[in-house]
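J.: Chains as they are written, first to last, in the numbering used here: chain A, 3 to 205; chain B, 1465 to 1742.
Beta carbons are placed, not taken as given, at the ideal position from N, Cα and C, and that holds for glycine.
Here the structure is a predicted model, which means the values were calculated and not measured.
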Amino acid sequence: MEGRRSDPRHSSDDELAAAAARGDARALDTLLRRHASMIHAVCRRILANADDALDATQNAMISISRRIELFDGRAKFSTWCYRVATNAALDEARRRGRRPAPVEIVPEPLGDAVPVDDAVADRLDIDAALAQLSPEHRAAVALRDLVGLDYAEIAAVLKIPPGTVRSRIARGRAALADLMGHDPPDGAGNQTPTSEHPTSNTP
Amino acid sequence: MNPTHEPLDERVLDELLSADLDGELAAAAADLGLSVDEARAAITSAAAVARRAALGRASAAVGASVPPLDPDTTARLVTASITEARKDDELGTARRRRERRGDTARRVMVVAGSAAAAIAVIVGLAHMPTSSEDKGSMSLGAPTERAGTDDGSTATSPVALGDVSDTEQLRRRLAAQLRLPEAPKDLASATTVSPQKGSSPLPTGEFSSDSSGRQQYRSARACAPTARAAAGGGAPVLTGRAVSDGRPVTVYVFRRGAAYDVVVVSRDCSVVSRLTLP
């Protein structure tokens, strides 16, 4: 029991955050390890670029480490983390001053060709499609579909109204649907990737 | 409201479908000016069903987990983050320490400067020639020699010499003030001048620090030219207030080589007596 209590891996996020805020490096280490993959995933989805995502992940972790004492427990620690990660990723996107370079879309494997690993193909596919969206639309879609935040939480993270969140998510998904080749039947929507707001900075 | 059931704009339809995927259809319908029934009717058309599936696949693709970071990369990122934050913290601490040191130095400088200024003011006040008439000193222990001013008066208040009706008494008191050795009587010469007629009688006795002292100080300044003329010029090295035969007088002492000329002047500036010391 004693060992379990002293092992930070068994502590809750809030307990670890409080300890980290008091200068407990082990608690901070455990917290960062616990959320590293999800922080990276958020950055990866927003930046749609593996290298940029690692840079943003590093910056997000540094930011969490520096500001851990500012976490007041009003939101879940994970939500706070995702907010920091989102900001780090959007900062990284602005710093690059460019939309992430589109990844070459891997063609659908032909029946008699050597099959490409489906997961890799899907990743390349989604990265390429996401790269066509603006970082703001990618952030809204990622926070909803990857992290699972509700519209109100996303609105708080991105500091935009919930209606704008809904609009960005819808347009982001619609653009992705078209980009990923899942075109709707005739008459049910035939948007092109660059003809709609998702690729601009407007909601 | 959309009572005519016209086909919805495809962006509106996408927004309704997307919101429905997230369980937000009612809020979306309200924001878009539709009833929930209208919204539900719109998203159940055949075309909408296919579009809904496409949006759902896009959502699932985004939600598909990004491959987790490998342990080495995670460890590297975590370690670097903590190290960086700690370095910043140490830099911040060092900076705050430097700032505190700077603040302390500044405070010491300010305190030292203030103290120096206060000391300078005190010393300056102590050595400043008295210009105010109300600062007359009644002390008998005043300096023996005082620098003269252009108007022939002494720079500081006249010293109180008491009753000097007796010339010998005046001589002793002046000798004490001037730190002169007691002079034999026969070495000193004294000339008594009769008081002018019409001068008003004044009470006898020692002076005290009251308005009469200030009045006499003014008299000393006013009568200095008379005394200087009687002594043959120069600035008095000592001025004293005294009473002679019941009248207030002012005593002026002028240096003449190793000797001193003493001129006693009444309040109306008439010369009462003169003598030479030692």
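#1: Are the stretch 83-94 of chain A and the stretch 126-136 of chain A in contact at 8 Å, needing three or more beta carbon pairs?
#2: Residues of chain B with CB under 7 Å from Ser169 (chain A), in chain order?
#3: Return no unless some Cβ of chain A is closer than 8 Å to the Cβ of Val1743 (chain B).
#4: For the stretch 1502-1515 of chain B, which residues have a CB atom closer than 7 Å to at least one CB atom of chain A, in sequence order?
#5: When the Cα atoms are used, what is the spatial distance from His42 (chain A) to Asp1495 (chain B)?
#6: Residues of chain B with a CB under 9 Å from the CB of Ser39 (chain A): which are they?
#7: Using the beta-carbon of each residue, which ones in chain A are nearer than 7 Å to Val1500 (chain B)?
#8: Thinking just about the alpha-carbon of each residue, which of B:Val1575, B:Ala1640, B:Gly1497, B:Arg1711 is nearest to the one in Ser1730 (chain B)?
#9: If contacts are defined as beta-carbon pairs under 8 Å, then Arg1521 (chain B) and Ala179 (chain A) qualify, I think. What distance do you get, rounded to the angstrom?
#10: Hey, does Leu1541 (chain B) have any beta-carbon neighbour from chain A nearer than 8 Å?
#11: Do three or more CB pairs link the stretch 1502-1514 of chain B to the stretch 23-30 of chain A at distances below 8 Å?
#12: Please state the DSSP three-state secondary structure of Glu1670 (chain B).
#13: Starting from the C-beta of Leu34 (chain A), find all residues in its chain whose C-beta is less than 6 Å away, skip the five residues before and the five after it, and write them out in chain order.
#14: What in chain A is Cβ-close to Leu1472 (chain B), meaning under 7 Å?
#15: Do Asp54 (chain A) and Arg98 (chain A) come within 8 Å of each other at the CB atom, strictly closer than that value?
#16: List, in order along the chain, the chain A residues whose C-beta lies closer than 7 Å to that of Asp1567 (chain B)?
#17: Output needed for Pro163 (chain A): all residues of its chain with C-beta closer than 7 Å, excluding positions within five of it in sequence on either side, in chain order.
#18: Label Ala1579 (chain B) either buried or exposed according to how many other C-beta atoms from any shown protein chain fall within 10 Å of its C-beta, with 16 as the threshold for buried.
#19: Look up Asp1725 (chain B) in the DSSP assignment and say whether it is helix, strand or coil.
#20: Should Gly1566 (chain B) be labelled buried (16 or more other beta-carbon atoms within 10 Å of its own) or exposed?
#21: Which chain B residues sit within Cβ distance under 8 Å of Thr88 (chain A)?
#22: Put Leu1702 (chain B) into one of helix, strand or coil per three-state DSSP.
#23: Distance, Cα to Cα, Ala115 (chain A) vs Met182 (chain A)?
#24: Contact between the stretch 1529-1539 of chain B and the stretch 7-22 of chain A is defined here as three or more beta-carbon pairs at a separation below 8 Å; is this criterion met?
#25: Using only CA atoms, which one of A:Ile171, A:Ala20, A:Arg168, A:Thr166 lies nearest to Gly75 (chain A)?
#26: Among the candidates B:Glu1488, B:Thr1538, B:Ser1482, B:Ala1549, whose CA atom is the shortest distance from the CA of Leu56 (chain A)?
#27: Go ahead and label Pro1535 (chain B) buried or exposed: buried means 16 or more other beta carbons lie within 10 angstroms of its beta carbon, across all protein chains shown.
#28: Return helix, strand or coil for Asp129 (chain A), following the three-state DSSP convention.
#29: Would Leu1472 (chain B) and Arg175 (chain A) be called neighbours here (beta carbons separated by less than 8 Å)?
#30: Going by the CB atoms, is the gap between Arg85 (chain A) and Asp1486 (chain B) shorter than 8 Å?
#31: Helix or strand or just coil, what does DSSP make of Asp16 (chain A)?
#32: For the putative contact between Asp1478 (chain B) and Ala172 (chain A), defined by C-beta atoms under 8 Å, what is the C-beta separation to the nearest angstrom?
#33: Skipping 5 residues on each side, what residues in its chain have a beta carbon closer than 7 Å to that of Glu155 (chain A)?
#34: As a quick exercise: from B:Ala1576, B:Pro1689, B:Ala1723, pick the residue whose alpha carbon is nearest that of Thr1714 (chain B).
T.: Quick look at the numbers:
#1: Verdict: no, contact absent.
#2: Within 7 Å Cβ-Cβ: Glu1479.
#3: Residue 1743 (chain B) is absent from the model: chain B starts at 1465 and stops at 1742.
#4: Those residues of the stretch 1502-1515 of chain B that come within reach of chain A (Cβ to Cβ, closer than 7 Å) are Ala1511, Ala1512, Ala1514, Arg1515.
#5: Straight-line Cα distance between these residues: approximately 34 Å.
#6: Under the 9 Å cutoff, chain B gives Ser1529, Val1530, Pro1531, Pro1532, Leu1533, Thr1538.
#7: Near Val1500 (chain B) there are no residues of chain A at all, since even the closest Cβ is about 15 Å away, more than 7 Å.
#8: Comparing Cα-Cα distances from Ser1730 (chain B) to each of B:Val1575, B:Ala1640, B:Gly1497, B:Arg1711, the minimum goes to B:Arg1711.
#9: Going by Cβ atoms, the distance from Arg1521 (chain B) to Ala179 (chain A) rounds to 7 Å, so yes, they are a contact pair.
#10: Yes, because at least one Cβ of chain A sits closer than 8 Å to the Cβ of Leu1541 (chain B).
#11: Two segments are said to touch when three or more pairs of C-beta atoms, one from each, lie closer than 8 Å; by this definition the stretch 1502-1514 of chain B does not touch the stretch 23-30 of chain A.
#12: Model confidence at Glu1670 (chain B) stands at a pLDDT of 39, short of 50, so the residue's coordinates are unreliable and nothing is read from them.
#13: Answer for Leu34 (chain A): Met63, listed in chain order.
#14: Within 7 Å Cβ-Cβ: nothing; Leu1472 (chain B) doesn't reach chain A, min ~10 Å.
#15: Contact: yes.
#16: Neighbours of Asp1567 (chain B) in chain A, taken as residues at a C-beta separation under 7 Å, are lacking, since the least C-beta distance is about 24 Å.
#17: Cβ neighbours of Pro163 (chain A) within its own chain (closer than 7 Å, five residues either side excluded): Ala157.
#18: So Ala1579 (chain B) counts as exposed.
#19: Note: Asp1725 (chain B) maps to strand in three-state DSSP.
#20: With fewer than 16 other CB atoms across the displayed protein chains lying within 10 angstroms of its CB, Gly1566 (chain B) is exposed.
#21: Residues of chain B whose Cβ lies closer than 8 Å to the Cβ of Thr88 (chain A) do not exist, since the nearest Cβ in that chain is about 14 Å away.
#22: Strand at Leu1702 (chain B).
#23: For Ala115 (chain A), the predicted model reports a pLDDT of 38, less than 50, meaning its position is unreliable; a value from the coordinates is still stated below. So the alpha carbons of these two residues sit roughly 21 Å apart.
#24: Result no; under three Cβ-Cβ pairs closer than 8 Å.
#25: Residue A:Ala20 is the option with its Cα nearest to Gly75 (chain A).
#26: Of the residues B:Glu1488, B:Thr1538, B:Ser1482, B:Ala1549, the one whose Cα lies closest to the Cα of Leu56 (chain A) is B:Thr1538.
#27: Pro1535 (chain B) is classed as exposed because its beta carbon has fewer than 16 other beta carbons within 10 Å across all chains shown.
#28: Of the three classes helix, strand and coil, the one that applies to Asp129 (chain A) here is helix, per DSSP.
#29: Not in contact: Leu1472 (chain B) and Arg175 (chain A) (Cβ atoms no closer than 8 Å).
#30: Judged by their CB atoms, Asp1486 (chain B) and Arg85 (chain A) are not nearer to each other than the 8 Å cut-off.
#31: Asp16 (chain A) falls in the helix class under three-state DSSP.
#32: Contact flag correct, Cβ pair sits at about 5 Å.
#33: Close CB contacts of Glu155 (chain A) within its chain, under the 7 Å cut and outside five residues either way in sequence, are with Thr81 (chain order).
#34: Considering only alpha carbons, the answer is B:Pro1689.
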